[in-house]
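A short write-up of the structure that comes next.
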Amino acid sequence: MKQPLLTVEDLTVEFQTRAGIVQVLDRINLTLHKGETLAVVGESGSGKSVGAFSIMGILDPAARIRSGSIRFDGMDLLTSSAGDLNTVRGREMAMIFQSPATALNPIRKVGQQIEDVLRRHGPVTRREARRRAVEALAQVRIPDPERRYHAYPFELSGGLCQRVMIAIALCCQPRLLIADEPTTGLDVTTQAAIMDLVRDLGRERNMATMLITHDLALAAQYADRIMVMHAGQVVETAPTDALFSQAAHPYTAGLMKATPTEASSLDELKAIPGSLPDLKGSLPPCRFAGRCERRESRCDDPGLALAAVGTDDLHRVACRRPL
Amino acid sequence: MTTPLLEVRKLRKHYPISKGEARWLTELRAWANHTTAHITKLHAVDGVSFTIQPGESVGLVGESGCGKSTLVSLINRLIEPTDGEILFEGKDIAGMSVAEFNRDPMRGAIQVVFQDPHDSLNPRFTAFDCIAEPLRRLTEVRNGELKTRVEELATQVGLPPELLGRLPHQLSGGQKARVNIARALASRPKLLVLDEPTSALDVSVQAVILQLLDDLRRQYGISYLFVSHDLNVVRLLCDRVIVMYLGQVAESGPADQVFEQPAHPYTQALISSIPKPGDKAGEGRTRLTGEPRSPVDPDPNQCLFHGRCPRGEARCAQTQPVLKDVGPGHIAACHFAAKVDPQPAAAVEARQKA
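Quick mapping for you: the protein sequence lines, in order, are chains H and D. Adding 2 to a residue's 1-based position in the first sequence gives its number in the numbering used here. Adding 29 to a residue's 1-based position in the second sequence gives its number in the numbering used here.
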């Protein structure tokens, strides 16, 4: 078996707030190989973005990593110095943030923002940086890149801004790309174009992609594997086809029943009862237990972990009574 | 045929925009030269016509910037139209000024649920105040009955009455959505305009809200104008669909038919862009390239979709297509839109199965 590019083991993250300690992530495990696309799916507040921020080392100061390790290509990211992290971040691993309108610098030309990244990560001449910035804009299929180099973010549409974000993320040819809800707030037509672009560039460069989304259908279409999160826990992880043919966790099945598809009728749609539990204070081993219809007394026993479903070692679920 | 609840005729909203020089200067120069001033205008909504029958649910789809929200504001008389008529139960409300309409009894009959359930609630109003506000302003309900009526409304939308004392930030997204819907229902409207009511909600909550909206429509016979860019949601809730592109109607027709057999290439691209589980390769789908054209002074002799359209032929660059019939109640603005099969074999089969 090949060495995975990214390994996260037993990552537990807490936030200290005035109201108490919020247990945002609970023993997260994930691996990501070269050229693979992993989708992280879950409702808002399930810890998807915090997971991504932990990997990038850009957590809020109020966050504390209780335990666990994050290894990227043999390097331990949690114990590395800030200087080492800075060389890896942006060059080896890059991130596309949720809303391009707020993530871009509003008072700098988009071309210069790409140059900033290039100049930070290597000795390039001014002219070379400029050439590569225009090239990066062309690569994300922005029409007329020479002219758009001089545009400010407010002059561009949402879809174009997101392409600029992708250009910034990809200009140093990273090996890992984290895309945090890259298409939320964009139109379906733009969404399709952006996702096709991310997928094609990923394939071209054999890049590992972590796609964070709340849209199960989108994940299904673009990811090789899907990891479902709920309230800071990984509840199920499986290759896309296996997950759709045989969802084992009640939460995954609930999400699928709640997502409108082409074929579903309104009566078939089923909401998941309840809402995310309060992550402050003591929590049961299975944080879904309070919303689950299949709950039993043994669900409250400690020591719940991901276990293989049947013989398929890639399909793992954290449930005592899987479907 | 009964009078439609809402009939919109050739509705236009143009925004003048300045291009370098002040408008008075342009006008002055034109006056001096004995010509008419050409003022650059952004055509946000450009000659849109449609009708909504009582009890009907109509979906309005299109990408951002196509004029959906402007149209919503126009129908709700929040902004003044440039030109055109809005007939509500046969009475033209487009001629009324915004201030006049606010005091008209008709105001209560058209209500809107805005896009973001959080931003559209006053942060200093409790849920009770939010729902009571339209009752105080638009109806005869007075203090004594106010409490019972608000509680009744809360129950209708499935909001526990205990939560009425809470402020918006103390409510969850789904609960805020319910407050918004209750507020819109307070004046017993005949037409409810829903501007992306579920786009800010998680799927698990979205399902309940959609079912609630459908129940309310059945129970009270309210008509809906449902604006959304989630086509799967529109398909679930709407009888008819209107597809807009750059301020104009590109296609409109019965929901099933538009989804089964889209006649306009833009609709085809929209439908094929919906992510579908299992469709991994995604090859063979209609993909749009480029960005929509600028809505500023569009060329009247060119198809609006020209340049992005996979078909794009010489004719498209010379004449703008007009809406033409492609099936019963189904129109499309494309030179090449073919007649649709009124009873497609696939659809009939699917219905029999169901």
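Glycine included, each C-beta is placed from N, C-alpha and C at the ideal position.
Minimum C-alpha distance to residue i - residue among the options
i      : options                           : result
I108/D : C95/D, G124/D and F117/D          : G124/D
R289/H : C321/H, L268/H and D314/H         : C321/H
T69/D  : A51/D, L266/D, Q199/D and I46/D   : I46/D
V287/D : E181/D, V355/D and G250/D         : V355/D
V325/D : D244/D, S149/D, R212/D and G96/D  : G96/D
R136/D : T318/D, L150/D, P163/D and K39/D  : P163/D
D145/D : R132/D, L116/D and G202/D         : G202/D
T89/H  : A105/H, A65/H, P125/H and A64/H   : P125/H
R337/D : P329/D, N330/D and A346/D         : A346/D
N83/D  : A284/D, R246/D and V263/D         : First, the amino acid is wrong: residue 83/D is Pro here, not Asn. Closest option to P83/D, Cα to Cα, is R246/D.
A161/D : V208/D, L317/D, D243/D and A51/D  : V208/D
R217/D : D285/D, T168/D, Q290/D and D244/D : T168/D
E238/H : V43/H, Q5/H and Q25/H             : V43/H
L218/H : V200/H, L203/H, T186/H and A210/H : T186/H
Proximal chain H residues relative to residue i, where beta-carbon distance stays under 8 angstroms
i      : result
L303/D : Looking at the sequence itself, residue 303/D is Ile, so the reference to Leu does not match. Per Cβ cutoff of 8 angstroms: V190, A219 and E264.
H293/D : The premise fails here: H293/D is roughly 13 angstroms from chain H at the closest Cβ pair, so nothing lies under 8 angstroms.
V237/D : A273
D243/D : L268
P152/D : Per Cβ cutoff of 8 angstroms: no residues; P152/D is ~20 angstroms from chain H at best.
Continuous alpha helix (DSSP H) stretch holding residue i: start and end
i      : result
E129/D : V127 to N131
T89/H  : A84 to V90
E180/D : N172 to Q185
K259/H : P252 to A260
M197/H : V190 to R207
K50/H  : K50 to M58
E45/H  : That residue, E45/H, is in no alpha helix (DSSP H); it is neither H nor E in DSSP.
I210/D : G202 to L214
Partners in chain D for residue i, counting only beta-carbon separations shorter than 8 angstroms
i      : result
K50/H  : Those within 8 angstroms of K50/H in chain D number zero; the least Cβ separation is about 12 angstroms.
H216/H : D231 and V232
Contacts that residue i makes with chain D (C-beta to C-beta distance below 9 angstroms)
i      : result
S159/H : S93, G94, E320 and P321
P145/H : T318, G319 and E320
A195/H : S302, R316, L317 and T318
Residues that residue i contacts on chain H, provided the C-beta gap is smaller than 7 angstroms
i      : result
Q240/D : L268 and L271
A298/D : T191
H198/D : What H198/D touches in chain H: nothing, since even the nearest Cβ is about 14 angstroms away.
Expected contact under 8 angstroms - CB spacing of residue i and residue j to nearest Å
i      : j      : result
C332/D : P357/D : Their Cβ separation, rounded to whole angstroms, is 25 angstroms, which puts C332/D and P357/D out of contact at 8 angstroms.
L220/D : L34/D  : 6 angstroms
D302/H : P287/H : 7 angstroms
A249/H : D314/H : That belief does not hold up - the Cβ atoms of A249/H and D314/H are roughly 13 angstroms apart, past 8 angstroms.
A206/D : L230/D : 6 angstroms
G76/D  : K39/D  : 5 angstroms
Residue range of the unbroken beta strand (DSSP E) whose run includes residue i
i      : result
P283/D : Q277 to P283
N31/H  : G22 to L34
P241/H : Q235 to P241
K368/D : Run containing K368/D: none; DSSP gives neither H nor E here.
G76/D  : K70 to I81
F334/D : Neither: F334/D is in no beta strand (DSSP E) and is coded neither H nor E.
M229/H : R227 to H232
S252/D : S252 to V256
A181/H : L178 to D182
P45/D  : L35 to P45
V87/D  : S86 to V90
V272/D : R269 to Y274
I214/H : A210 to T215
D314/H : D314 to V319
Contact set between residue i and chain H, taken where Cβ atoms lie within less than 9 angstroms
i      : result
N261/D : A219, T261, P262, T263, E264 and S266
H359/D : Result: empty, since nearest Cβ-Cβ is about 19 angstroms, beyond 9 angstroms.
Neighbour list for residue i in chain D, Cβ cutoff strictly below 7 angstroms
i      : result
E45/H  : D231 and S233
H1/H   : A query on residue 1/H cannot be resolved here, the shown segment of chain H reaching from 3 to 325 and no further.
S277/H : S201
Residue i CB to nearest heavy atom of the ligand FMN below 8 angstroms
i      : result
T186/H : This structure lacks the ligand FMN, and indeed carries no ligand of any kind.
Touching by the beta-carbon criterion (3+ pairs, under 8 angstroms), the stretch 78-96 of chain D and the stretch 250-263 of chain D: yes
The stretch 44-55 of chain H touching the stretch 216-234 of chain H, judged by at least three CB pairs closer than 8 angstroms: yes
Contact between the stretch 65-85 of chain H and the stretch 260-267 of chain H (3+ Cβ pairs under 8 angstroms): no
Three-pair Cβ contact test at 8 angstroms for the stretch 57-68 of chain D versus the stretch 293-312 of chain H: no
The stretch 6-16 of chain H / the stretch 63-76 of chain H touching (three or more Cβ pairs under 8 angstroms): Result yes; three or more Cβ-Cβ pairs closer than 8 angstroms.
Any 3 or more C-beta pairs closer than 8 angstroms across the stretch 118-138 of chain D and the stretch 288-305 of chain D: no
Touching by the beta-carbon criterion (3+ pairs, under 8 angstroms), the stretch 211-220 of chain D and the stretch 251-258 of chain H: no
The stretch 155-174 of chain D / the stretch 193-210 of chain D touching (three or more Cβ pairs under 8 angstroms): yes
Segment contact flag, the stretch 26-43 of chain H with the stretch 154-166 of chain H, C-beta cutoff 8 angstroms, min 3 pairs: no
contact_flag[the stretch 20-27 of chain H, the stretch 215-230 of chain H] where n(CB pairs < 8 angstroms) is 3 or more: no
The stretch 179-190 of chain D / the stretch 136-151 of chain D touching (three or more Cβ pairs under 8 angstroms): no
Inter-stretch contact at 8 angstroms, needing at least 3 Cβ pairs: the stretch 148-156 of chain H / the stretch 170-184 of chain H: no
Cβ pair count under 8 angstroms reaching 3, the stretch 275-285 of chain D against the stretch 360-369 of chain D: yes
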